[in-house]
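Protein chains: 2
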Amino acid sequence: MEEHKSNPSFKPIATRKIYQYILEQFVHLVSTGVLKPGDKIPSERELAESFKVSRPSVREALRVLEIIGLIDIQPGGGAYLKEMELGPFISVVAPLMFSRDRFDLELLEFRELIEIRAIELLPNPLSAEALEPMGRAIGEMRRALLDNDVEAGALADIQFHRSLLLASNSFILQKVLELVVSLFEHAVRGGRSVVLEKQEDAAQLLHDHERIYQELADGNTDHAKKLLSSHLAMVKNLART
Amino acid sequence: MEEHKSNPSFKPIATRKIYQYILEQFVHLVSTGVLKPGDKIPSERELAESFKVSRPSVREALRVLEIIGLIDIQPGGGAYLKEMELGPFISVVAPLMFSRDRFDLELLEFRELIEIRAIELLPNPLSAEALEPMGRAIGEMRRALLDNDVEAGALADIQFHRSLLLASNSFILQKVLELVVSLFEHAVRGGRSVVLEKQEDAAQLLHDHERIYQELADGNTDHAKKLLSSHLAMVKNLART
DNA sequence: CTATAGTAACTGGTATTACCAGTTGACAGG
DNA sequence: CCTGTCAACTGGTAATACCAGTTACTATAG
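Quick note, the sequences are listed as chains X and Z, same order. First residue of the first sequence: 11, per the working numbering; consecutive thereafter. First residue of the second sequence: 11, per the working numbering; consecutive thereafter.
Here it is as structure tokens:
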């Protein structure tokens, strides 16, 4: 282990790959607003010619942009920019996360921390546009309960919480919670239901959601916060069994 | 906009790309523990032959693994698995984040939320191994203060908080905070110092760290928590100006 | 024998070319 | 006007080649 003389005069030379340069230019164009969501990206062949590089290099850059969730690639169609979306990234990483012990419980605790903060930041009164998706999620959950469709119920549950956070004004909180919620969603779709299968538990969930919705609609943010807190605590207890 | 008839009987056919299959197999091998950090990954040519696909396809999968921070690729050497590391991902995404208004402030607020929770979860008493890196970060910060080295000071600050979170026992909190701290680090290295340049402010930071460290060493977690809270509030106020 | 330099066999990085499959739009024929 | 066909795109994949860097072995000079 004597190789690292670490002569302070000489720093290792960082070699950058060319896909990183392409990536850099793209990100710069997006962050400066030159490229906006919905814009169509030139074809791979055009890009290769513009950058004076080969098509594989362009493809590697696009691959990364795809995983980051910054572009949407349609085979035969083209590539389009979109609002950054953490879904694709999550779907790759999720299995690595859930292989850990007690990850489900930790995730719930973390979600509690974030979600309560999100509700504190909700504007008061809540706009009708913010309330609408929450109401829709509740309706969906009610239907799922009647049909005894466990997975649909769980997804509706997630949708409710997602619409809650979308109403908050913190960009970071939205992104982080989006990440957490995506993890839950991934777990549910993968069949590892972190959720409740018993009918009465699902009914309780629905009931909680309805009450939270009502309090928010009435402008009682404090009440809603307390309800959400106990709601998540209940879920946590159920999951622990 | 009438194209989406959304006939419930027919679901769109999802076509998966072959790099996703390769990715899936890799992630599965890692999450089941067959592949462990430090293991060497076969060469691209071997993999291509094993998977019966072309080398570009293998490369695209490896590219993604590299961005996720799951492997380390040495040109001319080979690829090695490592503990997942969010750094590469952050360095791509960071510019997109910091292009938003008031992101710095939001980041501080979010960090406050997370970090206080992390200190609540600290084991009590704190082990010497957990305290040691914190002490080292304080020493580094003291040196930077004397040398009037702003960037080194900021990085030492980050190092202190990073070592704090590493002592907590929550895997998620560690990962999320690691992500946040990486964002700060990226900002500092990029010259967009979210930090303080005035000598007396830096001295105050150092003083706060020393007190927090002392309280933690003495086992007074509650005191440390209060100190951290006011410490971060102070930083936030300074950043607001 | 040892240490050096040289060399051959790797590795990943990039480029080139080609073909396939899916999409799109124009255009001709009903 | 609708419809089916076809040509010109698009991205997905493959095969091949060459470059540059790493590594380890080897032969040579001391």
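Glycine residues also receive a C-beta, built at the ideal position from the N, C-alpha and C atoms.
Residues near residue i by beta carbon distance below 8 angstroms, same chain, minus five either side
i	result
X/H233	E225
X/V63	I28 and I32
Z/G229	N134, P135 and L136
X/P182	Inspection of the sequence shows that residue 182 of chain X is occupied by Ile rather than by Pro. No residues qualify anywhere along the chain.
X/P85	none
Other residues of its chain near residue i: CB distance less than 6 angstroms, five sequence neighbours each side excluded
i	result
X/P143	S173
Z/S180	L131
Z/I83	E76 and A89
X/L57	V68
Z/V44	none
Between the CA atoms of residue j and residue i - distance to the nearest angstrom
i	j	result
X/L242	X/L248	10 angstroms
Z/A227	Z/P135	8 angstroms
X/E59	Z/E188	39 angstroms
Z/L141	Z/E116	29 angstroms
Z/A138	Z/H171	17 angstroms
X/E76	Z/E210	46 angstroms
X/Q169	Z/G149	48 angstroms
Z/V261	Z/E119	An answer regarding residue 261 of chain Z cannot be provided, because it is not within the stretch 11 to 251 covered by chain Z.
X/T231	X/Y223	10 angstroms
Z/K46	X/A213	43 angstroms
X/L176	Z/L237	32 angstroms
Z/I23	Z/V186	35 angstroms
Z/E161	Z/H217	18 angstroms
X/N158	X/R152	10 angstroms
X/V245	X/D167	11 angstroms
Z/V102	Z/S239	31 angstroms
X/R121	Z/E95	22 angstroms
Z/H38	Z/L156	50 angstroms
X/H14	X/I81	Low per-residue confidence applies at X/H14: pLDDT is 39, beneath 50, and the placement is therefore not dependable, though the value from the model is reported in the following sentence. About 42 angstroms.
Z/P98	Z/G79	6 angstroms
X/T42	Z/R112	16 angstroms
Z/K235	X/R146	41 angstroms
X/R55	Z/A104	28 angstroms
X/L123	X/L215	19 angstroms
X/G87	Z/R65	24 angstroms
Z/K21	Z/F61	30 angstroms
Z/V40	X/V40	34 angstroms
Check: residue i C-beta below 6 angstroms from any heavy atom of the ligand ZN
i	result
X/L189	This structure simply doesn't include the ligand ZN, nor any ligand for that matter.
Those residues which DSSP pairs with residue i across a bridge
i	result
X/K50	X/Y90
X/I81	X/L91
N-terminal and C-terminal residue of the alpha helix (DSSP H) that residue i is part of
i	result
X/G149	A138 to D157
Z/L183	F181 to R199
Z/D121	In the sequence as displayed, the identity of residue 121 of chain Z is Arg instead of Asp. Element bounds for Z/R121: F113 to E130.
Z/V40	I28 to S41
X/G163	V160 to A177
Z/S101	G97 to F108
7 angstroms CB neighbourhood of residue i in its chain, flanking five on each side removed
i	result
Z/E220	I148
Z/S178	A128, L131, L132 and Q184
X/A154	A162, G163 and A166
Z/R26	none
X/I100	L189, S192, L193 and H196
* Is there contact here, the segment 105-117 of chain Z with the segment 127-141 of chain Z, by at least three beta-carbon pairs under 8 angstroms? -> Note that the segment 105-117 of chain Z does not touch the segment 127-141 of chain Z; fewer than 3 beta-carbon pairs, one per stretch, sit closer than 8 angstroms.
* Asked: Is the segment 64-75 of chain Z touching the segment 31-51 of chain Z in the sense that three or more CB pairs, one from each, lie closer than 8 angstroms?
  -> The answer is yes - the segment 64-75 of chain Z touches the segment 31-51 of chain Z, with three or more Cβ pairs under 8 angstroms.
* **Any 3 or more C-beta pairs closer than 8 angstroms across the segment 37-52 of chain Z and the segment 81-97 of chain Z** => With the rule of 3 Cβ pairs closer than 8 angstroms, the segment 37-52 of chain Z counts as touching the segment 81-97 of chain Z.
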